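Notes to accompany the following structure.
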Amino acid sequence: MATPVLSTILFDLDGTLLPLDQKHFMQGYFSLFGKRCAELGYEADSSLLALQAGLKAMLTNDGTMTNKERFDQAFEQMTGIASSEFNTRFATFYETDFHQLKAASRRSSLASDLVTMVRNKGYDAVLATTPLFPWQGTHARLSWAGIDPSLFSLITTYEDFCYAKPNSGYYRQILSSRGVEASRCLMVGNDVGEDMVAKELGMDVFLVTDCLINEQQAGLEPYRKGSLQDLYTFCEELPICK
């Protein structure tokens, strides 16, 4: 039986294409979220508890509704604020305040060139970032990385996806959306628990170790791994995708 030919590369964003201090980023995100809520006249502490509930709801989503719907439901239940009202009043947050979090990241000179290279070789590129943010928040982080969103055929955001990493349903939804078999995909990421789970579905994987996350201290032997520079070299050696 012939070996399946690679056609699609899934790229994680935070800590992979965008070097990021995850702890600094999340602390800053919560701080800015609470501050904006207070400015809008909402109680900051209860809003932050509702944010935590919303994040948990998305992380445990079972596919019956989108992550946005799941978040809105949890947030509204916790605060009593209609999601339509809150979303309207909060709409500019990801285009303004959120950009302050760029300080938790740094731009890699390789990231944009890497994605451009694989596209020029004919590979499909998917931005497989766990879909806990609206599209504005994801596009903001892409801008920090200096990557053109149009390079990706699919960007996973909370408006469209019904699961979050490491749920296998997240990866299955990508496969279904792109109409591709797992055996023809390469998942690239920095989180052993969230990204390398794609291997269990039959994807090839590459663990980027520059901002490695390995909360369970799992062995790394099963995975191809290296720096973003190593990944760039690996992709340079890939054949043209026909």
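First residue of the sequence shown? That's 14 in the numbering used here, and the numbers climb one at a time after it.
Backbone N, C-alpha and C define an ideal beta-carbon position, used for all residues, glycine too.
What you are looking at is a predicted structure, and each value in this text was computed from that prediction instead of being measured.
| Item | Value |
| --- | --- |
| If you measure between the beta carbons of LEU164 and VAL139, is that distance less than 8 Å? | no |
| So within the region 121-156, which uninterrupted beta strand (DSSP E) runs reach at least 3 residues, ignoring any that extend past its ends? | 137-140 |
| Would you call the CB atoms of MET216 and ALA231 closer than 8 Å? | no |
| In three-state terms, what does DSSP make of PHE99? | helix |
| Helix, strand or coil: how does DSSP classify VAL210 here? | helix |
| Along the chain, where does the alpha helix (DSSP H) containing PHE88 start, and where does it finish? | 80-92 |
| Is there contact here, the region 113-129 with the region 185-194, by at least three beta-carbon pairs under 8 Å? | no |
| To which residues of the same chain is LYS212 closer than 6 Å at the C-beta, ignoring the five residues directly before and after it? | VAL218 |
| By DSSP, does VAL205 sit in helix, in strand, or in coil? | helix |
| To which residues does DSSP link ILE226 through a beta bridge? | ASP204 |
| Cutting at 8 Å between CB atoms, please list the residues of its own chain near PHE247, excluding the five before and the five after it. | PHE219, ARG237 and GLY239 |
| Would you call ASN203 buried or exposed, if buried means 16 or more other Cβ atoms sit within 10 Å of its Cβ? | buried |
| Assuming contact is defined by CB atoms lying nearer than 8 Å, are ARG102 and LEU53 in contact in what I supplied? | yes |
| Give the secondary structure of CYS248 by DSSP, where H, G and I count as helix, E and B as strand, and everything else as coil. | helix |
| For ILE22, which beta-bridge partners are listed by DSSP? | ALA138 and LEU199 |
| Roughly how many angstroms lie between the CA atoms of ALA168 and SER20, to the nearest whole one? | Here the sequence assigns Ile to residue 168, which means Ala is not the residue at that position. Cα-Cα distance, rounded: 17 Å. |
| Under the three-state reduction of DSSP, which class applies to MET14: helix, strand or coil? | Confidence at MET14 is low in this model, with a pLDDT of 43, below 50, so the placement of that residue is unreliable and no value is reported for it. |
| Quick check on DSSP: helix, strand or coil for SER118? | strand |
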